[in-house]
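Presented below is the structure to which this report refers.
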Amino acid sequence: MDYSLLIIVFFLGFLSHLVSALVGGGGLISLPTMLLMGIPIHNAISADKFGAVISTLLTSINSIRKKEVNLSECLMLFVIGLISGFIGGAFASSLNEKVLNTIAIILMIFAFAMTFYSNSFFGSNEKIINKRKTYQLLSAIGFYDGIFGPGSSTLAIYVFSNDQLQYYKAILFTRISLLGWCSGALISYISSGHMIWALAFAITGGAIIGGFLGVFISKKIDLKYVKPLLRIMMLIILVQLIIKMLG
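Numbering (the numbering used here), first residue to last: 18 to 264.
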């Protein structure tokens, strides 16, 4: 594989996980861009999931080690994510590329629209209060993440914000949920033979650095500046992907 392509993918991993750790939606940067570069969608998703698993695993271990999150809640979020992500990944692996591209565009439009949906703000809770509703919504998001993925972190952040969690706690819980989703989906993709390991390692290197930096910045960031920029970027990439699809 061309080294220049791997370098680009490395920086895509860095940027997408930096953004994802702050407000979610980082996959709307990495995945559509890889598709525009001509990487087949199943291979692009597989590499993206692998990078997400390693990056979120390391940041989650770091958060647990610092006792910033409750271990029992982490295990529940991971198990829910693992099961729903695996089911979604198994469903996606059975589709051909044309069908998956079409579904990807539909789901991406939905994810973009959802960034305007929530009117609630983050609260002061450090633990999940409405567990049943939250876990049900996270299961649905995990299924979506297994199918395609971009926008799932943003949706999860909104779910946690509706439960009035602190912003930083919502970010940490979202990273743990993402670990479960991507782990479950990754099992399906690897078993289906869709993994290009050079691509996966390239995006993982950037994802690790971007993920840690994003979690660090999330303690200080003001969302009123980040969200409008993220929406603009999402819209630009979405338009580019639709043009490629129609062409």
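Backbone N, C-alpha and C fix where the C-beta goes; we use that ideal spot for every residue, glycine too. Keep in mind that this is a model prediction, so the values were computed, not measured.
Thinking Ser-33 and Ile-46 are a contact (beta carbons under 8 Å), I'd like their distance in whole angstroms, please. For the purposes of this step, residue 33 is taken as residue 16 along the sequence shown, with counting starting at 1. For the purposes of this step, residue 46 is taken as residue 29 along the sequence shown, with counting starting at 1. Right, the Cβ-Cβ distance comes to about 4 Å (below 8 Å), so this counts as a contact.
The alpha helix (DSSP H) that contains Met-54, what's its start and end? Locating residue 54 in the sequence shown gives position 37, where the first residue counts as 1. Judged by DSSP secondary structure, Met-54 falls outside any alpha helix (DSSP H); it is assigned neither H nor E.
First and last residue of the uninterrupted alpha helix (DSSP H) at His-8: No answer is possible for residue 8: the residues shown for the chain start at 18 and end at 264.
What do you reckon, are the CB atoms on Thr-221 and Gly-42 nearer than 8 Å? Translated into positions along the sequence shown, residue 221 becomes position 204. Translated into positions along the sequence shown, residue 42 becomes position 25. No, the Cβ-Cβ distance between Thr-221 and Gly-42 is not below 8 Å.
Pull up the distance between the alpha-carbon of Asp-162 and that of Val-70, whole angstroms please. Counting from one through the sequence shown, the residue named residue 162 turns up at place 145. Counting from one through the sequence shown, the residue named residue 70 turns up at place 53. Using only the alpha carbons, I get a separation of about 12 Å.
In angstroms, rounded to a whole number, what distance separates the CA positions of Ile-238 and Leu-39? Start at 1 with the first residue of the sequence shown, and residue 238 comes out as number 221. Start at 1 with the first residue of the sequence shown, and residue 39 comes out as number 22. Taking the straight line from one Cα to the other gives about 8 Å.
Tell me the start and end of each unbroken alpha helix (DSSP H) in the region 174-254 that is at least 4 residues and wholly inside, in chain order. The DSSP assignment places complete alpha helix (DSSP H) segments of no fewer than 4 residues inside the region 174-254 at 184-208, 214-234, in order along the chain.
In the DSSP assignment, what are the bridge partners of Asn-142? Here residue 142 refers to the residue found at position 125 when the sequence shown is read from its first residue. In DSSP, Asn-142 forms a bridge with Leu-182.
Kindly indicate which residue of Leu-75, Ile-126, Leu-263, Ser-235 has the alpha-carbon position closest to the one of Gln-183. Position 166 of the sequence shown holds residue 183. Of Leu-75, Ile-126, Leu-263, Ser-235, the residue nearest in Cα terms is Ser-235.
Can you name, in chain order, every residue of its own chain whose Cβ lies under 6 Å from the Cβ of Ile-174, other than the five neighbours on each side? As a working note, residue 174 is residue 157 in the sequence shown. Excluding residues within five positions, the ones whose Cβ falls inside 6 Å are Gly-41, Ala-187, Thr-191.
Ser-156 lies in the alpha helix (DSSP H); which residues open and close that run? Locating residue 156 in the sequence shown gives position 139, counting from the first residue. That run of the alpha helix (DSSP H) goes 148-164.
Member of Asp-65, Ile-145, Phe-233 whose CA lies at the smallest distance from the CA of Ser-281: This structure cannot settle anything about residue 281, because the visible part of the chain is limited to 18 through 264.
Roughly how many whole angstroms lie between the Cα atoms of Leu-35 and Ile-225? As a first step, residue 35 is located in the sequence shown; it is residue number 18 there, counting from the start. As a first step, residue 225 is located in the sequence shown; it is residue number 208 there, counting from the start. Rounded to whole angstroms, the separation of the alpha carbons of Ile-225 and Leu-35 is 9 Å.
In this structure, does DSSP put Glu-90 in helix, strand or coil? Position 73 of the sequence shown, counting from 1, holds the residue named residue 90. Helix, per DSSP.
Closest to Leu-230 by CA distance: which of Gly-30, Tyr-20, Leu-23 is it? Here residue 230 refers to the residue found at position 213 when the sequence shown is read from its first residue. When only C-alpha atoms are compared, the closest one is Gly-30.
Have a look at Ser-142 and Thr-151 and give me their C-alpha separation to the nearest angstrom. If you number the sequence shown from 1, residue 142 lands on position 125. If you number the sequence shown from 1, residue 151 lands on position 134. According to the sequence provided, residue 142 is Asn. The question's Ser does not apply to it. For Asn-142 and Thr-151, the distance between alpha carbons rounds to 14 Å.
Tell me whether Val-86 is buried or exposed, calling it buried when 16 or more other Cβ atoms sit within 10 Å of its Cβ. On the sequence shown, residue 86 is found 69 positions in, with the first residue counted as 1. Burial call: buried.
Determine the DSSP secondary structure at Ser-111, reduced to helix, strand or coil. Counted from its first residue, the sequence shown places residue 111 at position 94. Coil.
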